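Step one of this worksheet: look at the structure below.
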Amino acid sequence: MELNLARPGRVSASAATLALTGIFLVLFMALTGFTLLQSYRDADTRAEDRALGSAHVVAAHVQWLMEASFQALRRIDDSVGNSLQMPAPDAIGDMNAAVSSLPGDVRAWLFDAQGHPRLTNADTSKGVDDDREFFEAAKNGAEFTISALQVSPHSGAKVFTVAKRLERDGKFIGIALIVIPANALDEFKSSLELGPYSAVALIRDDGMLVTRFPLPDAGSDLSHGPLFTTYLPQSPNGSYDAKSSVDGIERVAGYWRVEGYPLIATASIARSEAFTAFWQTLITILIVATPCMAGLLGMSIWVARLLRRDDRTRDELSKAVEDNRVLFREIHHRVKNNLQQVSSLVQLQPLPAEAKMELARRISAMASVHEHIYSSDQFDRVQISEYLPRLMEDLKLSYGTDLEIAWTMTPIEVNRDNALPLGLIVNEVVSNAMKHGFKDGRKGKVDLLLERQGDEQGCLTIRDNGTGFDPATPSTGMGSRLIRALTAQVGGTSEFHMDGGTVFTLVFPIVTVAETVQE
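So for the sequence shown, the working numbering puts the first residue at 31; every next one is plus one.
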């Protein structure tokens, strides 16, 4: 038999190596690009989350500051009596006590309806203009007013104020005013650790800047910025990218509306700071990946050269393996043919017909094993669950009987050296049943059951509904001796017993999973 091993168009191992290396480099670059893109998105998401969380913290701090300020104003209102013209003697002490819980250098004022100062714990008594925003709001009935960022008339410092309308018997008599330094957020902002170029701010809901860190040179109207035109109409809390109108720095900003007050707290992180880790990662990847990719390409070229030299050797080995496989098939095929010729020669011998028939069946069982081996192309083990049913059908045909044969097979593999003895055992047991078990003319049936017993043993049970025999009676026949010898050969145990007919049981070793993996 001649086998053509030529494989036109086969890709060599060296070319495949270079192609796979190229594919790997492309995939590596794509994966690196995707990783960098994902890292950039993650950095952006972290910056947005951090800015939003910081804005929430600022809003909570401002909410506490406003609640404390409003509570202080109410205490001042309660302590001044019925007239601002003649405040109570201990009013200054009450004012100091009222603002003592507020942070920083907070001052309190009392102004009458004309804007004249009547009482203060500040170092000056300079009045305020009665056209100031908070004064006008109080005149018009606003109970509380929060001013925009302004310059203090007596100290020149940047401040914002919280004012409360004072009235007696429904009549406006003046205002109580708390002046809060604009740098009230400075110390709090530093605790957020957002970076040196970050910013926090407090903005009224009409867009006027109340305070900010870092402090601007002047107040600002932010009502036309993206926060008020785009984001606040969509959600009371959120984050966005913006370029500051105060200092021109691009930042990731978070905003949070202060609950219960007409204020919005913001916290923003400079993009240069938010993406510092990303740029460091990018530089590190470029420093590490570039020489690695160059080294991989060089190594692939070197390996490709080695593989090119090994191609011939591998082809020769493949041809040798295939030649051996063909040789094994040919050997088993010739053994089968030789056994068939031996069977034919037996028929020519001057032997009793029954003896010649017995020999022919045994030789046929042996030939069937070899036929199964070369047809399955598996030489080290045999799947007997496929081999035994074919053997039983051959026996039925050789006897020319209408005997009913049934089998239930669990897939089991045995060592190739045990396949032939197992086939001969089945041949002897089934042949005995066909010859001796149904002489009374009954409808015959033979059942074969193959199953596992644990991981290392198989169990073969052959049952017939024939007349049976007494297993205790010594048997000296050729078949019995052959069964005992073959059972010992496979390293198993066997027995006969009666149960509505003859029952033969054989327990034998099988090929285990561990052996299969090892081979």
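From the three backbone atoms N, C-alpha and C, an ideal C-beta is built for every residue, glycine too. This structure is a prediction, so every number in the text was calculated from the model and none was measured.
For Ile203, the enclosing beta strand (DSSP E) covers residues 201-211.
Counted as a single uninterrupted DSSP element, the alpha helix (DSSP H) harbouring Pro451 occupies residues 446-466. Thr535 has its alpha-carbon roughly 20 angstroms from the corresponding atom of Phe468. Secondary structure note for Ile540: it is in no beta strand (DSSP E), with a DSSP letter that is neither H nor E. Taking the C-beta atoms as reference points, Ile233 is found nearer than 8 angstroms to Thr296.
For secondary structure counted as the beta strand (DSSP E) over 3 or more consecutive residues, the region 218-258 holds these complete runs in sequence order: 229-234, 239-243. Beta-bridge partners assigned by DSSP to Met96: none are found. In this structure, Phe190 places its C-beta atom within 8 angstroms of the C-beta atom of Thr241. Along the region 259-341, the alpha helix (DSSP H) occurs as fully enclosed runs of 4 or more residues at 301-304, listed in sequence order. Looking at the backbone, the Cα of Met528 and that of Gly498 are separated by about 7 angstroms. Annotation: the continuous beta strand (DSSP E) that includes Gly488 extends over 487-494. For the set Trp437, Leu418, Ala46, Leu326, the Cα lying nearest the Cα of Ala449 is the one of Leu418. If you look at Gln144, you'll find it isn't in any beta strand (DSSP E); DSSP assigns it neither H nor E. The beta carbon of Ala167 lies closer than 7 angstroms to those of Thr175 in the same chain, with the five residues before and after it left out.
Residue Ser461 holds the alpha-carbon nearest to the alpha-carbon of Gly509 among Ser461, Pro539, Arg493, Val192. Inclusion of Ile492 and Leu478 in the CB contact set at 8 angstroms is warranted, their separation being smaller than that value. Residue Leu452 holds the alpha-carbon nearest to the alpha-carbon of Thr523 among Gly530, Gly496, Leu452, Lys473. Taking 8 angstroms as the cut-off, the Cβ atoms of Leu103 and Lys194 count as close.
DSSP, reduced to helix, strand and coil, places Glu525 within a strand of the structure shown.
Ranking Arg76, Asn457, Pro211 by CA distance to the CA of Leu224 puts Arg76 first. DSSP places Leu114 outside both helix and strand once states are collapsed to three, so it counts as coil. Here DSSP, grouped into helix, strand and coil, assigns Phe64 to helix. Counting other Cβ atoms within 10 Å of its Cβ, Ala436 stays below 16 and is therefore classed as exposed. Closest in C-alpha terms to Ser109, from the list Val129, His91, Glu97, comes Val129. For Leu480, DSSP records a beta bridge to Met439, Leu490. If you draw a straight line from the Cα of Ala98 to the Cα of Asp79, it is about 29 angstroms long. In the DSSP assignment, the residues bridged to Ile176 are Val192. Comparing alpha carbon positions, the residue from Tyr227, Ala319, Asp107, Ala324 closest to Thr65 is Ala319. When the five nearest sequence neighbours on each side are left out, the beta carbons in the same chain lying within less than 8 angstroms of the beta carbon of Phe54 are those of Leu326, in order along the chain.
Take the alpha-carbon of Ala283 and the one of His254: they are about 16 angstroms apart. DSSP places Lys349 in the helix class (H, G or I) of the three-state scheme. Taking all protein chains shown into account, Ile205 has 16 or more neighbouring C-beta atoms within 10 Å of its C-beta and is therefore buried.
Burial is judged here by how many other beta carbons sit within 10 angstroms of a residue's own beta carbon; Asn457 has at least 16 and is buried. Here Asn213 is near Leu245, since their CB atoms are less than 8 angstroms apart. Counting of Cβ neighbours within 10 angstroms places Arg482 among the exposed residues, the total staying below 16. The three-state secondary structure of Lys426, taken from DSSP, is helix.
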